[in-house]
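FYI, the numbering for the sequence shown is 2 to 307, going by the numbering used here.
Shown next, in structure tokens, is the structure this report addresses.
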Amino acid sequence: MAHVLGQNQYGKAENRIVRVYRDSTRHEIKDLNVSVALQGEFEDVHLTGSNANCLPTDTTKNTVFAFAKEYGIDSAEAFGILLARHFVDDTERGVVHSARIRIEEYAWDRIKTPDNSARFIGSEEVGHSFVRSGQETRTTEVVYDGENVQVISGLKDLIVMNSTNSEFWGYIKDKYTTLQEAYDRILATQVTARWKYGYSGRDGEAQPNWNRSYTHVKRHLLEAFAETYSYSLQQTLHSMGTRVLNNRAEVDEVRLELPNKHHFLVDLEPFGLKNDNEVYYAADRMYGLIEGTVHREGVVPVIPVV
2 MAHVLGQNQY GKAENRIVRV YRDSTRHEIK DLNVSVALQG EFEDVHLTGS NANCLPTDTT
62 KNTVFAFAKE YGIDSAEAFG ILLARHFVDD TERGVVHSAR IRIEEYAWDR IKTPDNSARF
122 IGSEEVGHSF VRSGQETRTT EVVYDGENVQ VISGLKDLIV MNSTNSEFWG YIKDKYTTLQ
182 EAYDRILATQ VTARWKYGYS GRDGEAQPNW NRSYTHVKRH LLEAFAETYS YSLQQTLHSM
242 GTRVLNNRAE VDEVRLELPN KHHFLVDLEP FGLKNDNEVY YAADRMYGLI EGTVHREGVV
302 PVIPVV
């Protein structure tokens, strides 16, 4: 029986790169985790062992670091597009047909010191000390096939909580149902969000302002979570996705994964105490996992269901 080589790709994963800008005493930092995956004419590499069409993974790693120096890193998205276009358009003999660049970005804030703790005049302005900021990680995936650029950005590990304005009742009940209806509950989740841009990179199309877009998409996700009186986490998911699409014209599709971080009231009656929605047990597992995509009418969703 004949065997057929199916889909295949290769590259260098998780290239940890920190780019420091030292143009002044006020330094800037970009901290990325970059993964490269290439698809193309690699049948011989698998079937015969010939490496004639193989761009070494070490070369892809070196390219990531060299590009960070040569071109700088304005945003994860712009850097990913630059790399993807290079691997497809500039690799010898055109053997690379498609490049996928996945990037995680870790943010840093400057450590602020009060003036009266300065060890020398002006030391509070040096700006070279940082602390990792934010709980979420920014993510980007760029795919370029020689014609079109696809950019899916996002974030993960953004933990949010509403201490009230959430209910859950009126659901299906059968002989296995033990959950009590809740008319005032804690709603907490750890947001993983991905959104696809309408940008295609064709015909000189201008790139969005990636950093500003990320900031505003995150803001709208948070505002929707805070302002939605929730009867289910599913309803909150839809409100969050809709808020982004209503306010960010550059985004065509939003996919959200929201694990329900359950908080259960603790029974304090054995101690002669009344628990009036004040003391909870925070369970880390098991958890309900709510997932869904919100997209513009007429748009074919492409963000994969993982």
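Every residue, glycine too, gets a C-beta built ideally from N, C-alpha and C.
Residue i bridges to which residues according to DSSP?
{"i": "I102", "result": "V37, V143"}
{"i": "K157", "result": "T138"}
{"i": "T190", "result": "V161, N261"}
{"i": "F169", "result": "A183"}
{"i": "R133", "result": "W109"}
{"i": "Y11", "result": "L39"}
{"i": "H296", "result": "E254"}
{"i": "D32", "result": "V19, Y107"}
{"i": "K197", "result": "I153, E254"}
{"i": "Y281", "result": "L266"}
{"i": "V303", "result": "Its beta-bridge partners do not exist; DSSP assigns none."}
If the criterion is Cβ atoms closer than 8 Å, does the pair residue i and residue j meet it?
{"i": "V143", "j": "V132", "result": "no"}
{"i": "Y145", "j": "R86", "result": "yes"}
{"i": "S167", "j": "R186", "result": "yes"}
{"i": "I304", "j": "R195", "result": "yes"}
{"i": "L222", "j": "V192", "result": "yes"}
{"i": "S154", "j": "Y215", "result": "yes"}
{"i": "E106", "j": "D32", "result": "yes"}
{"i": "N278", "j": "V267", "result": "no"}
{"i": "G293", "j": "L269", "result": "no"}
{"i": "I291", "j": "L246", "result": "no"}
{"i": "L156", "j": "T190", "result": "no"}
{"i": "V295", "j": "T229", "result": "no"}
Rounding to the nearest angstrom, what Cα-Cα distance links residue i and residue j in this structure?
{"i": "R297", "j": "S99", "result": "27 Å"}
{"i": "K262", "j": "L238", "result": "14 Å"}
{"i": "V19", "j": "R103", "result": "16 Å"}
{"i": "V306", "j": "N54", "result": "32 Å"}
{"i": "E126", "j": "V152", "result": "Because E126 carries a pLDDT of 45, less than 50, the predicted location of this residue cannot be relied on, and no value is offered for it."}
{"i": "K78", "j": "L274", "result": "Reading off the sequence, residue 78 comes out as Glu, not Lys. For E78 and L274, the distance between alpha carbons rounds to 54 Å."}
{"i": "F169", "j": "M162", "result": "16 Å"}
{"i": "V301", "j": "I112", "result": "45 Å"}
{"i": "E42", "j": "V96", "result": "5 Å"}
{"i": "F80", "j": "I74", "result": "6 Å"}
{"i": "A108", "j": "N248", "result": "24 Å"}
{"i": "T26", "j": "H217", "result": "29 Å"}
{"i": "N52", "j": "K70", "result": "29 Å"}
{"i": "E182", "j": "K176", "result": "15 Å"}
{"i": "Y282", "j": "I160", "result": "17 Å"}
If you compare alpha carbons, which of the options is closest to residue i?
{"i": "S231", "options": "R103, R17, V46, Y184", "result": "Y184"}
{"i": "A38", "options": "R101, V280, Q236, V301", "result": "R101"}
{"i": "D110", "options": "A3, S130, T64", "result": "S130"}
{"i": "V5", "options": "D24, T26, S25, D45", "result": "D45"}
{"i": "T61", "options": "T92, Q236, R220", "result": "T92"}
{"i": "T1", "options": "W211, F272, G171", "result": "The chain is shown only over 2 to 307; residue 1 falls outside these bounds and no answer can be derived."}
{"i": "L48", "options": "G7, G299, E206", "result": "G7"}
Which same chain residues end up closer than 7 Å to residue i when comparing Cβ atoms and leaving out the 5 residues on each side of it in sequence?
{"i": "V21", "result": "H28, I30"}
{"i": "Y72", "result": "L83"}
{"i": "P209", "result": "Y198, Y200, E251"}
{"i": "A284", "result": "H263, F265"}
{"i": "T58", "result": "Y11, G12, K13"}
{"i": "V35", "result": "N16, I18, V65, I102, I104"}
{"i": "M241", "result": "L222, A225, F226, L257"}
Excluding five sequence neighbours on each side, which residues of the same chain lie with their C-beta closer than 8 Å to the C-beta of residue i?
{"i": "S164", "result": "I187"}
{"i": "G147", "result": "V89, D90, H98, S99"}
{"i": "Q236", "result": "T229"}
Tell me which same chain residues have a C-beta within less than 6 Å of the C-beta of residue i, skipping the five on either side of it?
{"i": "N117", "result": "Low per-residue confidence applies at N117: pLDDT is 44, beneath 50, and the placement is therefore not dependable enough to give any value."}
{"i": "Y255", "result": "First, the amino acid is wrong: residue 255 is Val here, not Tyr. Once the five neighbours on either side are set aside, the close Cβ partners of V255 are W196, G242, V245, V295."}
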